[in-house]
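**Q** Everything in the sequence shown is counted per our numbering, starting at 2 for the first residue and increasing by one.
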Amino acid sequence: MANPLALAVLAWLMREPTHPYELGRRLQESGQDRNIKYNRGSLYMVVEQLRKAGFIAEQATVRDTQRPERTLYALTDEGRAEFYDWMRELVSEPQHEYPRFGVALSLLSVLSPEESAELLRQRSRALDGEIGQIRDLVRGATEQGVGWVFLIEEDYRLALLEAERRFVAGLVESLEQPDYVRTWQEFFAREERP
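#1: Is there contact here, the segment 9-24 with the segment 45-63, by at least three beta-carbon pairs under 8 Å?
#2: Rounded to whole angstroms, what is the Cα-Cα separation between Glu129 and Ala118?
#3: Which of helix, strand or coil does DSSP assign to Thr77?
#4: Taking the beta strand (DSSP E) that Ala58 falls in, what are its first and last residues?
#5: Is the separation between the beta-carbon of Glu83 and that of Leu11 shorter than 8 Å?
#6: Measure the Cβ-Cβ separation of Arg166 and Ser125 and say whether it is below 8 Å.
#7: Where DSSP assigns a beta bridge to Thr19, which residues make up the other side?
#8: How many whole angstroms separate the CB atoms of Arg52 and Tyr74, which I take to be in contact at a CB cut-off of 8 Å?
#9: Quick one, are the C-beta atoms of Ile135 and Glu155 less than 8 Å apart?
#10: At the level of alpha carbons, what is the spacing between Tyr94 and Ala3?
#11: May I ask whether a heavy atom of the ligand ZN can be found less than 7 Å away from the beta carbon of Glu83?
#12: Taking the alpha-carbon of Phe56 as reference, which of Ser31, Glu90, Asn40, Ala9 has the nearest alpha-carbon?
#13: Which ranges would you report for the alpha helix (DSSP H) in the segment 125-182 if only whole runs of at least 4 residues count?
#14: Ignore the nearest five residues each way along the sequence and tell me which others in Asn36's own chain have a CB closer than 7 Å to its CB.
#15: Measure the alpha-carbon distance for Gly171 versus Pro69 and round it to whole angstroms.
#16: Between Leu91 and Val169, which are expected to be in contact by the criterion C-beta below 8 Å, what is the C-beta distance as a whole number of angstroms?
#17: Below 8 Å on the Cβ atoms is my guess for Leu76 versus Leu14; work out the distance and round it to an integer in Å.
#18: Where Arg194 and Arg26 are concerned, what is the direct C-alpha to C-alpha distance, given to the nearest angstrom?
#19: Return the chain-ordered list of same chain residues with a C-beta closer than 8 Å to the C-beta of Leu152, the five sequence neighbours on each side being excluded.
#20: Does Tyr157 pass the burial test, meaning 16 or more other C-beta atoms within 10 Å, or should it be called exposed?
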């Protein structure tokens, strides 16, 4: 399994058996949906994959008068072992991820220095907005008594965004250096010759 949604499902089932609809609600209420991309269909698909793998099992079917029948799933011993193995690996072993911004940076030289700098300034403003939102969210949660350990993913996001903002500012400065502009112009002047 390499799907973060599957890891989250296993984590929630460590607490108690539940049904997929409730799992989705908990992901949203806890804010984990900001870090784990999913929709209702993908959630049900992951639950089925975990069941087929033997990591979770149907425990009961419940029905209340207002809702359709729902199947409760529980974590198996194999699922618990898989969860801990997976968590240990994710926490201890750095992995190269493939962010879209990294792709754009690898191809940045195709844009003029002026356009690149302006687009990066736009990105910096967007980063400022995200940073402000996260700070507000963390402040509000802290004021409501939420413990720091339940906000660490937001602290991590904040650290990444602040580092990216610093990187972007430095990159804009580099793109505006006369030496880079001249090198870029000379390179593309050569490329246009027959």
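By construction, the Cβ of each residue, glycine as well, lies at the ideal position given by its N, Cα and C atoms.
**A** So, from the listed chains and residues:
#1: yes
#2: For clarity, residue 129 is Asp in the given sequence; the question names Glu instead. Using only the alpha carbons, I get a separation of about 16 Å.
#3: coil
#4: 57-63
#5: yes
#6: yes
#7: Tyr74
#8: 7 Å
#9: yes
#10: In the sequence as presented, Tyr is not what sits at residue 94; that position holds Glu. So the two alpha carbons sit approximately 14 Å from each other.
#11: The ligand ZN is absent from the structure shown, which contains no ligands of any kind.
#12: Ala9
#13: 153-176
#14: Glu154
#15: 56 Å
#16: Between Val169 and Leu91 the Cβ distance is about 27 Å, and since that is not below 8 Å, they are no contact.
#17: 4 Å
#18: For Arg194, the pLDDT reaches just 48, beneath the cut-off of 50, and the residue's location in the model is therefore unreliable, although a value from the coordinates is still provided. Each residue's alpha carbon lies about 60 Å from the other.
#19: Val139, Ala142, Thr143
#20: exposed
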